[in-house]
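Each protein sequence line maps, in turn, to chains A and B.
Start counting the first sequence at 1; every next residue gets the next number (our numbering).
Start counting the second sequence at 446; every next residue gets the next number (our numbering).
Glycine included, C-beta positions come from ideal geometry on N, C-alpha and C.
Everything on this sheet refers to the single structure shown next.
Number of protein chains: 2
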Amino acid sequence: MQPIDTLLCARWIVPIEPRDTVLENHAVAIADGRIVALLPRAEAETRYQPHTTIDLGQHALLPGLVNAHTHAALTLLRGLADDLPLMRWLQEHIWPAEQRWVSEEFVRDGTRHAVAEMLRSGTTCFNDMYFFPDITARTASAAGIRSVVGLIAIDFPTVWAADADEYLDKGLAVHDEFRHDTLVRTAFAPHAPYTVSDGPLERIRVLADELDIPIHMHVHETAHEVAEAVEKHGERPLARLARLGLLSPSLLAVHMTQLDDDEIDQVADAGVRVVHCPESNLKLASGFCPVSRLQAAGVTVALGTDGAASNNDLDMFGELRSAALLAKAVSADASALPAVRALEMATLDGARALGWDDDIGSLRPGKAADLVAVRLDGIETEPLYHPLSQIVYALDRGRVSDVWVAGQHQLRDRRLTTLDEEEILASTRRWSERIGASDAAAGVE
Amino acid sequence: MQPIDTLLCARWIVPIEPRDTVLENHAVAIADGRIVALLPRAEAETRYQPHTTIDLGQHALLPGLVNAHTHAALTLLRGLADDLPLMRWLQEHIWPAEQRWVSEEFVRDGTRHAVAEMLRSGTTCFNDMYFFPDITARTASAAGIRSVVGLIAIDFPTVWAADADEYLDKGLAVHDEFRHDTLVRTAFAPHAPYTVSDGPLERIRVLADELDIPIHMHVHETAHEVAEAVEKHGERPLARLARLGLLSPSLLAVHMTQLDDDEIDQVADAGVRVVHCPESNLKLASGFCPVSRLQAAGVTVALGTDGAASNNDLDMFGELRSAALLAKAVSADASALPAVRALEMATLDGARALGWDDDIGSLRPGKAADLVAVRLDGIETEPLYHPLSQIVYALDRGRVSDVWVAGQHQLRDRRLTTLDEEEILASTRRWSERIGASDAAAGVE
Chain A
1 MQPIDTLLCA
11 RWIVPIEPRD
21 TVLENHAVAI
31 ADGRIVALLP
41 RAEAETRYQP
51 HTTIDLGQHA
61 LLPGLVNAHT
71 HAALTLLRGL
81 ADDLPLMRWL
91 QEHIWPAEQR
101 WVSEEFVRDG
111 TRHAVAEMLR
121 SGTTCFNDMY
131 FFPDITARTA
141 SAAGIRSVVG
151 LIAIDFPTVW
161 AADADEYLDK
171 GLAVHDEFRH
181 DTLVRTAFAP
191 HAPYTVSDGP
201 LERIRVLADE
211 LDIPIHMHVH
221 ETAHEVAEAV
231 EKHGERPLAR
241 LARLGLLSPS
251 LLAVHMTQLD
261 DDEIDQVADA
271 GVRVVHCPES
281 NLKLASGFCP
291 VSRLQAAGVT
301 VALGTDGAAS
311 NNDLDMFGEL
321 RSAALLAKAV
331 SADASALPAV
341 RALEMATLDG
351 ARALGWDDDI
361 GSLRPGKAAD
371 LVAVRLDGIE
381 TEPLYHPLSQ
391 IVYALDRGRV
401 SDVWVAGQHQ
411 LRDRRLTTLD
421 EEEILASTRR
431 WSERIGASDA
441 AAGVE
Chain B
446 MQPIDTLLCA
456 RWIVPIEPRD
466 TVLENHAVAI
476 ADGRIVALLP
486 RAEAETRYQP
496 HTTIDLGQHA
506 LLPGLVNAHT
516 HAALTLLRGL
526 ADDLPLMRWL
536 QEHIWPAEQR
546 WVSEEFVRDG
556 TRHAVAEMLR
566 SGTTCFNDMY
576 FFPDITARTA
586 SAAGIRSVVG
596 LIAIDFPTVW
606 AADADEYLDK
616 GLAVHDEFRH
626 DTLVRTAFAP
636 HAPYTVSDGP
646 LERIRVLADE
656 LDIPIHMHVH
666 ETAHEVAEAV
676 EKHGERPLAR
686 LARLGLLSPS
696 LLAVHMTQLD
706 DDEIDQVADA
716 GVRVVHCPES
726 NLKLASGFCP
736 VSRLQAAGVT
746 VALGTDGAAS
756 NNDLDMFGEL
766 RSAALLAKAV
776 SADASALPAV
786 RALEMATLDG
796 ARALGWDDDI
806 GSLRPGKAAD
816 LVAVRLDGIE
826 TEPLYHPLSQ
836 IVYALDRGRV
846 SDVWVAGQHQ
856 LRDRRLTTLD
866 EEEILASTRR
876 WSERIGASDA
886 AAGVE
């Protein structure tokens, strides 16, 4: 009998690899934070001597979800300004609030709240873009969630950095600081084509190659942004990125709602990875990402919630359901983006997009033990004919019962083990009183 | 001090009328199943002597949600066949399962499960279309939820009726049977233009006028259905309904994803009410209902989940959020269908569409005490800047804590008071074993 740390038994296991597999009455053996084996429960009980055995009953176990695009700290601005046109939302509410309030404390407290929400809804890894990425990384790592923090760059000065050089220098220092933290990775995060000029983009391309890390960027989010670029520079943003040498498997292009056929081919040929944020795209009326066409062209498409200021949640189960529903309507085909693909986008494709699929995204021996357990018994999820599509089309995030990251039990029967919810809420309430008052005052002017 | 039955106190009350109102620290006084008053809590405590006082703390109280289109019994087929083109879904799975299994017991058990799910998610009234409407009505009424049951008519024989005359005769008998049940109303429910011929539609028009009840019908659900009608009869279905005199305030036209500008004007002029089912339309790739344009033309647009076989839930909070998000993208305007309107569609507009707004749909003295309480404290719903839009954009149905129908406490801190969840689940499992086996066997043929 081989000693292991944990044996997780569940009625159903959805390992994501091989595709479209649902194992019944199997178990996951975990040691040193990694998956040792995935095997029938009866066999596991004769082969392993676990320190802890957890019998999950009528649950399904699947890989932890990967939120491939968010701005965690912005959770503090959730619902500050809804139902506004994009530019009024940004110029009259989000940007003034950020200018007034963003600080190390804002990022720490906002990220902590975001991590609590993500763990409670089954997300075990998030790809972030925000100021003070060192604070984001430290907060996430301490809470026990996996993160890729964006080494942000933008043409204008902020409280984080004064100019292009300082953004990149501070970014490199963050990369260096966390290079031995197994829960943290980094990516360059030039904000968007319309906010970052050629010089810093060229330097980022070189540095990303040297460090072998991704480049995380908003690209073609709105028709307005594309039209403006054509008018000002005679070039679509994607063409400019191609000219600068940025179209490569390193590029994580977020949103991509405006793509013609040639661009889809170009993106596919270059191996660019796309992150689809369906709910944010809907809420901000940004447009429809052609997910099925991108996938048909062979492009890896991951899923992200975007920030809570434009979603308004960090709920990847909701997001993958929205993605599956929306793709059918957009491609006028009810068989488009089936459940199995939607779950894959939220797990393995997310890991692939982040270049982390050697370690996460599916339940395979040798990979990290990042798992989520969901309850499939109950009024909302019965009758149960097909567990995999039930998870996509009928499950709420409230049915997430347990979460493990690198084998650590982060959510236990819906209670967080490393974060204090009451403390987080008390902190959030202090922030929201101040932020709400200043937003209301600005509105009166 | 006036004696009353119940005083409900909550941090926020969203009465829906007047529009865009959020009352803080108010109370709802209830007697004999009706709202007596809505007033500041302090004042309520000096004026009323309640038998029961319930202090809901950091909750918001709003009118119970009105699900304006569903097929409750089909909850037993939830998730039986996902990700299929519409005709394969119907012809290979749903219709064979219905033909094999639909009976009084199927309708009773499926409806009971659906009612449990609806009450647990804040729905207090549903508009149904299915066979055995007497069973639906009896089951719903016994469980204490309000229903409008459809007196179904369809050209082909079913286990419920053999021909047009029998459908209508049995429908009239159901209308008669429940005319003194305050929780039950009826509507004629000719299935769709492509399944009901002129004769029964003309008779329904006359009978609906005589009885003063609505006509509930799927109309222009898909482009295919419209094209087929034009090809076969040289006429769009809406034109045919107009010719038959059916376009009037009695008509509840469900789906309406295919409408040109003239049809929108025609529908508005005639006072037709529309029911929008965004998630079903997405999942079946039916198309996009032009909600904002209909509303701008003055049309009352209610919201429905459709059946759980094509959604796959009966979650009106999810549905109103989907409606609000989708309308923005469809009209390319982030200010389209704001939170206040989405909530109104799910409550007062639903009541208006059913012709029941004299009694339900808003919290006004004299109306029935149909209410839902939702928790706004917690990781998922804080920070809290604007309670009304938080309910629309950040709330899950799992945050529904309490529900009252006609003053009766139907859901108490997430426990149903009149239905036994375990008993329902045991019954559903017996059905799903048999239905799943026959569906799988049919698939092998």
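**Asked** Considering only the beta carbon of each residue, do A/H69 and A/C289 sit closer than 7 angstroms?
**Response** no
**Chain-ordered neighbours of A/F288 on chain B, where CB pairs are closer than 9 angstroms** = A774
**B/K615 versus B/F601: straight-line alpha-carbon distance, rounded** = 15 angstroms
**Run of the beta strand (DSSP E) containing A/Y48, from where it starts to where it stops** = Y48 to D55
**Asked** In chain B, what lies closer than 9 angstroms to A/P85 by C-beta?
**Response** D778, A779 and S780
**Message:** What does the Cβ neighbour count give for B/R591, buried or exposed, with the cut at 16 atoms within 10 Å?
**Reply:** buried
**Asked** What three-state label does DSSP hand B/D450 in the structure shown?
**Response** The answer is strand: DSSP assigns B/D450 an E or B state.
**Item:** Those runs of the alpha helix (DSSP H) which lie wholly inside the stretch 67-123 of chain A and span at least 4 residues
**Value:** If we require 4 residues or more, the alpha helix (DSSP H) runs fully inside the stretch 67-123 of chain A come out as 95-101 and 104-120.
**Item:** Cβ-Cβ separation, B/A505 to B/L793 (assumed contact under 8 angstroms), whole Å
**Value:** About 16 angstroms; that fails the 8 angstroms criterion.
**Prompt:** For B/A839, which residues from the same chain have a beta carbon less than 6 angstroms from its beta carbon, with the 5 sequence-adjacent residues on both sides left out?
**Reply:** Excluding positions up to five away in sequence, the list reads T826.
**Request:** Classify B/V891 as helix, strand or coil using the three-state DSSP reduction.
**Result:** Outside the shown range of chain B (446 to 890) lies residue 891 of chain B, about which nothing can therefore be said.
**Request:** From the DSSP output, in three-state form, read off A/P63 for me.
**Result:** Reduced to three states, the DSSP call for A/P63 is strand.
**Asked** Of all the options B/S731, B/A787 and B/A798, which has the alpha carbon lying nearest to the alpha carbon of B/A768?
**Response** B/A787
**Message:** Less than 7 angstroms between the beta carbons of B/T520 and B/G555, yes or no?
**Reply:** yes
**Item:** CB of A/L86 within 7 angstroms of CB of A/Q410, strictly
**Value:** no
**Prompt:** Given that a residue counts as buried once 16 or more other Cβ atoms are within 10 Å of its Cβ, and exposed if not, what is A/I435?
**Reply:** A/I435 should be labelled buried.
**Request:** Would you mind reading off the limits of the alpha helix (DSSP H) that contains B/F762?
**Result:** B/F762 -> alpha helix (DSSP H) spans M761 to V775.
**Prompt:** Roughly how many angstroms lie between the CA atoms of A/G199 and A/A192, to the nearest whole one?
**Reply:** 14 angstroms
**Stretch pair the stretch 414-431 of chain A + the stretch 810-821 of chain B: three plus CB contacts closer than 8 angstroms** = no
**Asked** From A/D402 to A/T6, what distance separates their C-alpha atoms?
**Response** 14 angstroms
**Prompt:** So the alpha helix (DSSP H) B/A893 belongs to, where does it begin and stop?
**Reply:** Outside the shown range of chain B (446 to 890) lies residue 893 of chain B, about which nothing can therefore be said.
**chain A residues whose Cβ lies nearer than 7 angstroms to that of B/S872** = Within chain A, no residue comes near B/S872; the closest Cβ sits about 10 angstroms away, beyond 7 angstroms.
**Test: B/E890 CB closer than 7 angstroms to a CB of chain A** = The predicted model places B/E890 with a pLDDT of 40, which falls under 50 and marks its position as unreliable; any figure quoted below should be read in that light. Not one chain A Cβ lies under 7 angstroms of B/E890.
**Asked** What are the boundary residues of the beta strand (DSSP E) that includes B/V593?
**Response** R591 to A598
**Asked** How big is the Cα-Cα spacing for A/V444 and B/I461?
**Response** Residue placement at A/V444 is flagged as unreliable, the pLDDT there being 45, under the threshold of 50; a coordinate-derived value is accordingly withheld.
**Message:** Quick check: the Cα distance between B/P659 and B/F571, rounded to an integer number of angstroms?
**Reply:** 14 angstroms
**Asked** Okay, do the stretch 295-310 of chain A and the stretch 489-506 of chain B touch, 3+ Cβ pairs below 8 angstroms being the bar?
**Response** no
**Message:** Within the continuous beta strand (DSSP E) that includes A/R352, where are the two ends?
**Reply:** A/R352 -> not in any beta strand (DSSP E); alpha helix (DSSP H) instead, spanning L348 to A353.
**Request:** For the beta strand (DSSP E) holding A/Q410, just list the boundary residues, first then last.
**Result:** From DSSP, the beta strand (DSSP E) with A/Q410 extends over Q408 to R412.
**Prompt:** Rounded to a whole number of angstroms, what is the C-alpha to C-alpha distance between B/D858 and B/A796?
**Reply:** Distance between the alpha carbons of B/D858 and B/A796: 26 angstroms.
**Prompt:** Based on the DSSP secondary-structure assignment, which residues constitute the bridge partners of B/N572?
**Reply:** B/V593
**Prompt:** When you compare only the Cα positions, how much space is there between A/W95 and A/A81?
**Reply:** 11 angstroms
**Request:** With a threshold of 16 other CB atoms inside 10 Å of the CB of B/S642, please say whether the residue is buried or exposed.
**Result:** exposed
**Message:** With a threshold of 7 angstroms on Cβ separation, who are the neighbours of A/V102 within its own chain once the five nearest residues in sequence on each side are excluded?
**Reply:** Cβ neighbours of A/V102 beyond the five flanking positions: F131 and V159.
**Prompt:** For B/G732, which option in B/A653, B/Q703 and B/F623 has the closest C-alpha, if you only look at C-alpha atoms?
**Reply:** B/Q703
**Item:** DSSP state of B/V889 mapped onto helix, strand, coil
**Value:** Per-residue confidence for B/V889 stands at a pLDDT of 45, beneath the threshold of 50, marking its modelled position as unreliable; the derived number appears in the next sentence. In the three-state DSSP reduction, B/V889 falls in the helix class (H, G or I).
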